[in-house]
Every structure is written in structure tokens, then in C-alpha cells.
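Some notes on the structure that comes next.
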Amino acid sequence: MLDTKYIRENFEEAERRLSTRGGSSFLEGFKALDQKRLMLLKESESLKALRNSVSEEISRIRDKSEAQEKILEMRSVSAKIKELDEMLKKLDEELGLFLLSVPNLPHPDTPIGASEADNVEIRRWGKFPEFSFAPKPHWEIGENLRILDFECGAKLTGARFTLYRGAGARLERALINFMLDLHTDEHGYTEVLPPFMVNRESMTGTGQLPKFEEDLFKMTDPDYFLIPTAEVPLTNMHRNEILKRSDLPLSYVAYTPCFRREAGSYGKDTRGLIRQHQFNKVELVKFTHPSDSEAELEKLTLHAEKVLQLLELPYRVVGLCSGDIGFSASTTYDIEVWLPSQNCYREISSCSSFGDFQARRAGIRFREQEKSKPEFVHTINGSGLAVGRTLVAILENCQQEDGTVIIPSQLRKYMGGTEKIC
RNA sequence: GGAGAGAUGGCCGAGUAGGUCGAAGGCGCUCGCCUGCUAAGCGAGUAUACUGGGAAACCGGUAUCGAGGGUUCGAAUCCCUCUCUCUCCGCCA
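Every letter in the first sequence is one number past the one before it in my numbering, and letter 187, counting from 1, is 218.
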């Protein structure tokens, strides 16, 4: 959420920065709503001040018959206040919903652009594997080795669900453990195992709601949602809290499954593991001091890259342009891993800084000094990494001509010493 | 699922015949005094949001005692609904 005062005082600038995201004006209608609200607020509050002071006078009058006139007068004042407050409540709701639907301002350094095509490659790492044969797509490799069963997933649930079997299931679990160990032992993150369902307030705190409900799987009886990413529970851990300055930055890592409706992506990546309704992810989340957030985003991105480096998978880092960054993000780097069968890089991690956008929605603050006013922290998160897609990258990059797959050396101890899936 | 208890400020904890309660007291914390050091002691201060004024320090208004609604001139205190926590019983991985 953007700061109301900022919008009020820098309306043109806010409009201009938001417009780089593309689409129509995001702030249309704000001024009228805001001004009307302030007017009603002022009127209601001055009547309340009157009522408070007269009520106090009444309390000091011993003879109640003398107070009768004032009581009658205040009765009508109260009625008026009630009327004003009802209008005010409606306006507040309207304005609140409005503000919750305005995306974050892109960071000044975010490249301006309309779409994916305007993203900027920042760096590349690793060497492409060379094949003396035509590399197969991971779904063929997985089916041939009987470690991925797409038909069974479809039978059990439906499209975009997959059953892993044997060494496939083990490999997925190995990757989860490998990533968690790396981030906790080497990078200093605190491991968390959160609930996989959250309530509406949590989804609103990180920005999935109110705008993107159709992307979520929801429960109806209790009004809960399956998390689309661990970002949601992790960031909301500190919702409505004032953190200690000395505790910042706080760094958390969590493995969770993620559930996404993938509405609007019919026909995209229908084969294989790339786009599933349920997938595993290890997520990194940081709460930082505002002045540290840029540096912490760089660090977090490197932490995610480290996973690919240790697995010896080639990748590149891309800076997303203003038209491609997500609703809540101010800066985003995507890490894309090389997939030989598709002859291109595919997203395997998305590392973003949100400035105070999520912190303001979720009420996550700190005090610079003991006595100073609470300020919003900055939040940062990134995948470290998407586990299913990592498994895809391993199958494709490490495949052999005979259909077997060599397991990256760093992972073998998590596979009970297995060197090859055959 | 059944029975009961509770939800107050950073924490603990008063406050129910409705008014002077943003809320006693204690702890913690901050500043000052005192004191070889430490501890103890003394004094002052110590919520948040919105809003008005001011360059600022700061001053004023409104709201907030789990959430929402009601009664009333006036509610932490009375009434209703909901949520959460705890205890006991049942069930269960």
C-alpha cells in the first residue's frame, strides 16, 4: 500500500511513476474520495469534541432536571454524529479498497519497459552442457526413468498435478534438504515451517488480496487460502508488530508446497513440471532497515544463485522492467536456469524488494531509537529455489545419451550416495 | 463435538450500582540526581493511528481496554453477535 499522505502531496509524481507499469491511471478518483473523507472526518470529530465536553458538564450537574436541556441537545448531536460516521465508514472502506488495489511504485532504478521483452540481462553464470545427441525434455526423461508420473497425477487430481516416484521423489526431497541446509548453515537464515493455509488478512498483507483472489485456491468453510508461496506466511509472521532495531535484518527460510490456480495460463507449459497447481519451493524472506534493503536484495539474490552454482547449473540474472514487475514489487531480479530441451532460460527464482509496500499493509515496523516514532521496515523475498523447476533443470542438463541422469556431486549425500538415476 | 474460564498499555495486573479512565499499581525502559564501581535510592518521563496548527521543538482534536453492533447525554464497565486463548471430557494423526 502506498502512503496516503505521499499520494496527496505528490500526486503527479505518483501517477507518473505508476504509469510506467502500463495500463490505465491507477489513481483516478483518489482526490475526490480523499477530500470528501477529510471533510466528513473534520465535521464528525468537532461534533464529538462538543459532545465530550458537554457530557462532562452534565456529569457535574447534581440536579438532573437542570441537565435536561443539554441532554436533549446532545441527543440530536449524537444522532448527527451517527449519520456522519455511517457515511464516513463507507468512504473509509471505499478508500481502503482503492488503496489496496494500487500497485507499488517501481524503484527509480527499475528499467522502464512495457513487457518481458524490455527486461535487462545482468549477468550469466556457467557453461551450457554439450550433447552429442538431441537432449530430451524432462518429461520424457522422467517418464522413461519411471520417476515422474503425469498420468497418475491427473488421475488422482487433475491436470497440472504430478506424482513423483522412487528416485524422483527422493531427488525432490534431497533438493529441499540441500537448499534448507545451505541457507541455514551458510547464509544465516532461520528455518521456519509455517502453516500452508492462511487467512484473508495474511493474503492482504502481502498483496495477493484483494486483487488476485482468482489466482488462489480457497477454502470456504473457514475462509482460508492455500498459500501460493511461503512469502505469505513468512512475511505475515510479524504482521502488526514493532520489531527491534537491533534484530534487523531478520532472515527466514522455509520450505513449503505452493498452490496456484494458474488462471489465464491455459495452454502454456501444459507438459511437464514447469507449471503446476502444486509445487515445492524453498523461500527466502528478509525484514530490513530501509537503508539496507537494496544491499540485502543483492545478497539474497546471490544466496539463491549459490544453489545453482553448487548444482553446476547454468543460469542468468535478469532485471525486470517496470511493465513486468509484480503488483507489490519495487525491484525484481529473476534468476533463469538453462533448459537444453527448450534451448532457452526459464525462470527458477524471482527476488524482489517491496520497499515499505508490504510493511505498510501488514503493519510491520521498527523504531530507529528507543523513543522515536515507529517506521515501516522494508521486506524482501526470493525463491531459493523453486524445487520442481530445479529438478527439471537437473534432469535436462545432466541427462546422458542412454537416458540416465548424473546427480550433481553436491547432492549425492542427500541421495544416499546415489550418483546416477537409471 | 460437550462443559467451563478468560481476552485491559512493552510485560504483569487493578478497575462491573456507567461519568472526573488513555486507563491505578508493579516490572521493564529512558533521562536527571545521588553514589569509589555495581546494586539500592530519589525525581521526571514512558502507547498507537488519523487529523488541525507550527520551519521545528511542540501544542490541540478524535479514536482505540480482542473484533463488530446496540442501549445512553456519556461505556473498559450494561446488552447482542463473532473471533481467539486456556482448562476438563470425548474423538483423533
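Backbone N, C-alpha and C define an ideal beta-carbon position, used for all residues, glycine too.
Local conformation of residue i per DSSP, three classes
i    : result
L370 : strand
A190 : coil
S146 : coil
A393 : helix
R377 : strand
G350 : strand
M250 : coil
F290 : strand
R39  : helix
I356 : coil
I437 : strand
I305 : coil
I264 : First, the amino acid is wrong: residue 264 is Pro here, not Ile. Residue state, collapsed to three classes: helix.
K101 : helix
K330 : helix
E171 : helix
R398 : strand
E125 : helix
E432 : coil
F164 : coil
F388 : helix
K295 : Reading off the sequence shown, one finds Gly at residue 295, where the question assumed Lys. Three-state DSSP puts G295 in coil, outside helix and strand.
K120 : helix
L240 : coil
M234 : helix
Identity of the residue in the options nearest residue i by Cα
i    : options                   : result
T287 : P226, D246, T235 and R347 : P226
V284 : F181, R201 and H334       : H334
E125 : E97, K158 and K67         : K67
E244 : V338, P259 and D252       : P259
P264 : D252, K317 and P241       : K317
E343 : L176, I366, L224 and K158 : K158
S233 : Y220, N271 and D246       : N271
D365 : S163, I153 and M118       : I153
V133 : L58, E325, L81 and L69    : L58
L131 : P439, K451 and T237       : T237
I178 : K186, L202, A185 and S163 : L202
A326 : S383, F290 and S277       : S383
G295 : H308, L257, C289 and S96  : H308
N150 : E367, G434, K404 and A424 : E367
E104 : K121, S84 and R93         : S84
K120 : L304, L72, L78 and A148   : L72
G127 : K242, K337 and E336       : K242
Limits of the unbroken alpha helix (DSSP H) element including residue i
i    : result
K317 : Note, K317: premise wrong, no alpha helix (DSSP H); beta strand (DSSP E) at Q309 to T319.
V133 : Where V133 is concerned, there is no enclosing alpha helix (DSSP H), given that its DSSP letter is neither H nor E.
V85  : F61 to R91
F209 : A198 to D212
E222 : It is not in any alpha helix (DSSP H) - E222 instead sits in the beta strand (DSSP E) that spans T221 to V223.
Limits of the beta strand (DSSP E) - the one that residue i falls within
i    : result
E272 : E272 to L274
A417 : H409 to A417
L257 : Y255 to L257
M228 : M228 to N230
One or two residues paired with residue i in a DSSP bridge
i    : result
W156 : Y346
C382 : Y364 and G413
L339 : Note: L339 sits in no beta bridge, so no partner.
D180 : L194
I112 : Beta-bridge pairing links I112 to no other residue.
S282 : K317
K451 : I437
E406 : F397
V151 : G350
message = Does the structure place the stretch 364 to 381 close enough to the stretch 413 to 424 that three or more beta carbon pairs sit under 8 angstroms?
response = yes
ask   = So, do the stretch 46 to 56 and the stretch 352 to 359 have three or more beta carbon pairs nearer to each other than 8 angstroms?
value = yes
query = Is the stretch 213 to 227 touching the stretch 421 to 437 in the sense that three or more CB pairs, one from each, lie closer than 8 angstroms?
reply = no
query = Touch check for the stretch 297 to 308 and the stretch 381 to 393: three-plus C-beta pairs under 8 angstroms?
reply = no
query = If you pair each beta-carbon of the stretch 404 to 419 with each one of the stretch 239 to 256, do three or more pairs fall below 8 angstroms?
reply = no
message = Taking 8 angstroms as the cut-off, does the stretch 187 to 204 touch the stretch 442 to 452 (at least 3 CB pairs, one atom from each stretch)?
response = yes
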